[in-house]
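Trainee: According to my numbering, the sequence shown holds residues 403 to 1024 in order.
Beta carbons are placed, not taken as given, at the ideal position from N, Cα and C, and that holds for glycine.
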Amino acid sequence: MQTLNPLLHIEYVLAAEFDIDAGPVVKYQYPDTLPGDEQLMAELMLPDQSHVRNQDWTIFFLHDENGLLKYRPNDKGDMFYVLNLVNTKFDKDVRRGAIVKSMCLITRYPYFQIFKPVLILALDEYFDAPSLDCLKKLYNSINSMSVDRMPSFSASEKLLLAVSEDHSLFAERFGEEETASIVDEKNAPIDPKRNSSGEKPTYYIDLKNRGHRLVSTGTVRDTHYFDSSLQYGAMKIPVKVPTAIFPETVGDFSLIRLLRTLQSVKGPFKSVHPQLTIFGPTTPPVIVLINALLTQKRVLFIGYNTPSGDVADHVLAACFLASGGGILRGFTRYAFPYTDLSKVDDLLETPGFIAGAKNPAFTHHPTWYDVVVDIENFTMDISPAISSPVPKEKDSKGTNPLFATISQDDMIFTDQIKRMLTEHYGESSIRHRCRNYLIRFVRIAISYEEYKYKQSQLWPRKAPEKDAGHGYVWNSGTRRLLDFQNLEPVIEGWRQSRSYKLAAEDEQERLTNPEALTLDVEHCLDKLKIQTLNNSESAAIYTLLHTHVSGYDDINTLLVHAIDNNLFEVALGLVHRFPAAREATCELLERIRAHPAGKRFFDRINPFLKVTFFRIIEDKRS
403 MQTLNPLLHI
413 EYVLAAEFDI
423 DAGPVVKYQY
433 PDTLPGDEQL
443 MAELMLPDQS
453 HVRNQDWTIF
463 FLHDENGLLK
473 YRPNDKGDMF
483 YVLNLVNTKF
493 DKDVRRGAIV
503 KSMCLITRYP
513 YFQIFKPVLI
523 LALDEYFDAP
533 SLDCLKKLYN
543 SINSMSVDRM
553 PSFSASEKLL
563 LAVSEDHSLF
573 AERFGEEETA
583 SIVDEKNAPI
593 DPKRNSSGEK
603 PTYYIDLKNR
613 GHRLVSTGTV
623 RDTHYFDSSL
633 QYGAMKIPVK
643 VPTAIFPETV
653 GDFSLIRLLR
663 TLQSVKGPFK
673 SVHPQLTIFG
683 PTTPPVIVLI
693 NALLTQKRVL
703 FIGYNTPSGD
713 VADHVLAACF
723 LASGGGILRG
733 FTRYAFPYTD
743 LSKVDDLLET
753 PGFIAGAKNP
763 AFTHHPTWYD
773 VVVDIENFTM
783 DISPAISSPV
793 PKEKDSKGTN
803 PLFATISQDD
813 MIFTDQIKRM
823 LTEHYGESSI
833 RHRCRNYLIR
843 FVRIAISYEE
853 YKYKQSQLWP
863 RKAPEKDAGH
873 GYVWNSGTRR
883 LLDFQNLEPV
893 IEGWRQSRSY
903 KLAAEDEQER
913 LTNPEALTLD
923 VEHCLDKLKI
933 QTLNNSESAA
943 IYTLLHTHVS
953 GYDDINTLLV
963 HAIDNNLFEV
973 ALGLVHRFPA
983 AREATCELLE
993 RIRAHPAGKR
1003 FFDRINPFLK
1013 VTFFRIIEDK
1023 RS
């Protein structure tokens, strides 16, 4: 068995084909025999109905367990991603009228989609001359890709990159050669419809010319990616490696596609559940799915005539939706982007799975799932066999959440998603909106726990000031209690889940960092934005921000939470009635202006407020 090398881009390459007599078989493996179930790999590499289409992609995960790569998830072992391509060539002269072959690569990289173009070429060559040399050529080509000059970003920098659509953010971190071709967008307005993480490829392979020609569509350097290349034979294939990847963001899925599927689902739900249909049978499907994922229900996506790659795409998008792109974690490890009936035992042994399948027989067994989404027929059903939580004490008003009225924030969220889809917003904008929805849920959960249990594992940090505050911000106490009432079943269910336990562990880990910011910056900004404050209250917030947001990572954190309004709430402190608040705001903005990323945000501040800033600077000097 090969010793796994963390420096390799891919660990293994396998080729499989369908044998008319033996069924799915693995024909070749390189550089060594895979330490796992060979027959299982063959079955996964040749998915159901793959023989009815020319090409299909399959994605699945393997988990290291004592040196063996297994299909069933575990809590501790390393996770490996498998990108598989299956091609069918129809030929009347062969038995069954078609030749079906597939090739897969196994990697530690969650952004395995960067290898799709070269995998297409490799499988095409393999069809012409099947041999181990084809696998060796692909393996060596990918592992020779250089990323030595790729900058390494901290957690706060990655988060800022992930939420920003500024294509030249942190341009100074790239080498001179790379930086020279980065577009200067410092003074350009950010278009919410632009698509930074879901944009079309900047090149395509001309398969009519057997893949020997790359056609450029015109590229502009983007710091969200590092530009490298693969040498495959005589071809030099450009590769864009993502620079800001967070847990639960796997592959090149389309959240837009998942949300369009959910928008097409027609209600009401035949079955209701207190943790899922929190607004009754007419609860929007996207809310039901999010609640199901948060409360660790078994979620299944079915698409019989749909390419397995599209089924897997829905699963990966659901993982992102539940996690908010790294806000929470614990979803992809227990996901099965593609599975079949022969793996049902592995599925049923996995609590809270998110799975994709093509065989409709899954839907005939309500005990196998809790929520099932048919992506072809646009239906979504809650299993009648789903177990309900043991009811605890009634909420403060004694009402049944099954018949609650949809909250204003949830209505705004679903309406905004519908409008954004109709107006063809880009993938990155859609992801950002869904991420904000998950942030809202987590912050409400923090406030709910402290209201009901007097403490929260999600915020064990000691406040830097007595009245600093943390958690979600409401504009009225009535709205606060209504949100607690509506979300209580979901929060209580989430508190028993893996993702909650991992979130609590992550928060405890942050406490070990003596330089970690203890101030809830988002809480401060939300109070300035949402609540009607008197002069003393608002001045106290500007003083808090000035006192505690001082370090490099602190400013990154502030910029992340100010991304939507571009420091507007912060800069308003420049015209505060109290001189001390104006001076504190000015000094904070000076730090931001001196920050590599902050200066780009500063340049986009409201012109009137910017003039005020420079006037205060001049007054201090005179």
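Which whole-angstrom value describes the C-beta separation of Leu419 and Ser744, a residue pair presumed to lie in contact below a C-beta threshold of 8 Å?
Mentor: Residue identity differs from the one stated: residue 419 is Glu in this sequence, not Leu. With 8 Å as the limit, Glu419 and Ser744 do not qualify as a contact, their Cβ atoms being about 18 Å apart.
Trainee: Do Gly873 and His925 have their CB atoms nearer than 8 Å?
Mentor: Yes; because the gap between Cβ atoms is below 8 Å, this pair is in contact.
Trainee: Looking only at its chain, what residues have a beta carbon closer than 7 Å to the beta carbon of Phe628, apart from the 5 residues adjacent to it on each side?
Mentor: So the qualifying residues of the chain are Val549, Met552, Val643 and Thr645.
Trainee: Tell me the rounded alpha-carbon separation between Leu507 and Thr959.
Mentor: When rounded, the distance between both Cα atoms is 37 Å.
Trainee: Which full runs of the beta strand (DSSP E) of 3+ residues lie inside the stretch 733 to 809, going along the chain?
Mentor: The qualifying runs are 737 to 741, 756 to 759, 773 to 776 and 781 to 784.
Trainee: Which residue from Lys668, Lys760 and Thr685 puts its Cα closest to that of Val1090?
Mentor: Only positions 403 to 1024 of the chain appear in this structure, which leaves residue 1090 out of reach.
Trainee: Give the DSSP-derived three-state secondary structure of Gln665 in the structure shown.
Mentor: Gln665 falls in the helix class under three-state DSSP.
Trainee: Which residues bound the alpha helix (DSSP H) around Gly879?
Mentor: That run of the alpha helix (DSSP H) goes Gly879 to Trp896.
Trainee: Within 10 Å of its beta-carbon, does Leu969 have 16 or more other beta-carbons around it, so buried, or fewer, so exposed?
Mentor: When all chains shown are included, Leu969 counts as buried.
Trainee: Let's see if you can read the secondary structure: which residues bound the alpha helix (DSSP H) around Tyr855?
Mentor: It spans Glu829 to Tyr855 - the alpha helix (DSSP H) in which Tyr855 sits, taken as one unbroken run.
Trainee: Going by DSSP, what residue range makes up the alpha helix (DSSP H) through Val688?
Mentor: Unbroken alpha helix (DSSP H) run through Val688: Pro687 to Leu696.
Trainee: Just grab the DSSP bridge partners of Val674 for me.
Mentor: None; Val674 has no bridge partner.
Trainee: Write down the C-beta distance between Arg835 and Met822 rounded to the nearest angstrom, noting that I regard them as a contact closer than 8 Å.
Mentor: Confirmed, Cβ separation roughly 7 Å.
Trainee: What does DSSP give as the partner residue(s) for Gln633 in the beta ladder?
Mentor: Gln633 pairs with Lys638.
Trainee: Whole angstroms is fine: what's the gap from Leu410's alpha carbon to Ala941's?
Mentor: Going by the C-alpha atoms only, they are around 53 Å apart.
Trainee: By alpha-carbon positions, which one of Leu860, Thr945, Phe1010 and Asp966 ends up nearest to Glu989?
Mentor: If we check each option's Cα against that of Glu989, Thr945 comes out closest.
Trainee: Tell whether a beta-carbon distance below 8 Å holds between Gly727 and Arg900.
Mentor: No, the pair does not count as a contact, with Cβ atoms beyond the cut-off.
Trainee: Tell me the DSSP secondary structure of Gly505 in three-state form.
Mentor: Checking the sequence shown, residue 505 turns out to be Met, not Gly. Strand, per DSSP.
Trainee: Straight-line CA distance for Tyr850 to Val717?
Mentor: Computed Cα separation, rounded: 30 Å.
Trainee: What residues in its chain sit with their C-beta under 8 Å from that of Thr1015, if we drop five residues either side in the sequence?
Mentor: Residue identity differs from the one stated: residue 1015 is Phe in this sequence, not Thr. Counting only Cβ-Cβ distances below 8 Å, and skipping sequence neighbours, we find Ala973, Leu976, Cys988, Leu991 and Ile1007.
Trainee: Please give the ranges of any alpha helix (DSSP H) in the stretch 437 to 462, keeping only runs that are unbroken, at least 4 residues long and fully inside the region.
Mentor: If we require 4 residues or more, the alpha helix (DSSP H) runs fully inside the stretch 437 to 462 come out as 440 to 447.
Trainee: Report the three-state DSSP secondary structure of Ile704 (helix, strand or coil).
Mentor: Ile704 falls in the strand class under three-state DSSP.
Trainee: Using the beta-carbon count (16 or more within 10 Å), is Val415 buried or exposed?
Mentor: Buried.
Trainee: In this structure, does DSSP put His465 in helix, strand or coil?
Mentor: In the structure shown, His465 sits in a strand (DSSP, three-state: E or B).
Trainee: Can you check the stretch 481 to 543 for any alpha helix (DSSP H) of at least 4 residues that lies completely inside it and give the ranges in chain order?
Mentor: Fully enclosed alpha helix (DSSP H) runs of 4 or longer: 518 to 530.
Trainee: Where do the N-terminal and C-terminal ends of the alpha helix (DSSP H) with Phe722 fall, by residue?
Mentor: It spans Ser710 to Ser725 - the alpha helix (DSSP H) in which Phe722 sits, taken as one unbroken run.
Trainee: Just to confirm before moving on: does the CB-CB distance between Phe655 and Leu695 stay below 8 Å?
Mentor: Taking 8 Å as the Cβ cut-off, Phe655 and Leu695 do not qualify as a contacting pair.
Trainee: Among Val713, Asp421 and Asp439, which residue has its Cα nearest to the Cα of Phe780?
Mentor: Checked all of Val713, Asp421 and Asp439; the closest Cα to Phe780 is Val713.
Trainee: Output yes or no for whether 8 Å exceeds the beta carbon distance between Ile680 and Pro891.
Mentor: The answer is yes: Cβ separation under 8 Å.
Trainee: State the start and end residues of the unbroken alpha helix (DSSP H) segment that holds Glu985.
Mentor: That run of the alpha helix (DSSP H) goes Pro981 to Ala996.
Trainee: Can you tell me whether Ser937 is buried or exposed? The criterion is at least 16 other CB atoms within 10 Å of its CB, across all chains shown.
Mentor: Residue 937 is actually Asn in this sequence, not Ser. With fewer than 16 other Cβ atoms within 10 Å, it is exposed.
Trainee: Given 8 Å as the limit, is there contact between the stretch 497 to 512 and the stretch 630 to 642, that is, 3 or more CB pairs closer than that?
Mentor: No, they do not touch.
Trainee: Could you pull out every residue in the same chain whose Cβ sits closer than 7 Å to the Cβ of Ile729, ignoring the five residues on either side in sequence?
Mentor: If we look at Ile729 and ignore the five residues flanking it on each side, its Cβ neighbours are Arg837, Leu840, Ile841 and Val844.
Trainee: For Asp966 and Asp423, what's the separation of their Cα atoms in angstroms?
Mentor: Roughly 60 Å separates the two Cα atoms.
Trainee: Terminal residues of the continuous alpha helix (DSSP H) containing Ala905?
Mentor: Where Ala905 is concerned, the enclosing alpha helix (DSSP H) stretches over Arg900 to Leu913.
Trainee: Please go through the same chain and pick out, in chain order, the residues whose beta-carbon is closer than 7 Å to the beta-carbon of Arg735, but skip the five residues on each side of it.
Mentor: So the list reads Pro475 and Met481, once near-sequence residues are dropped.
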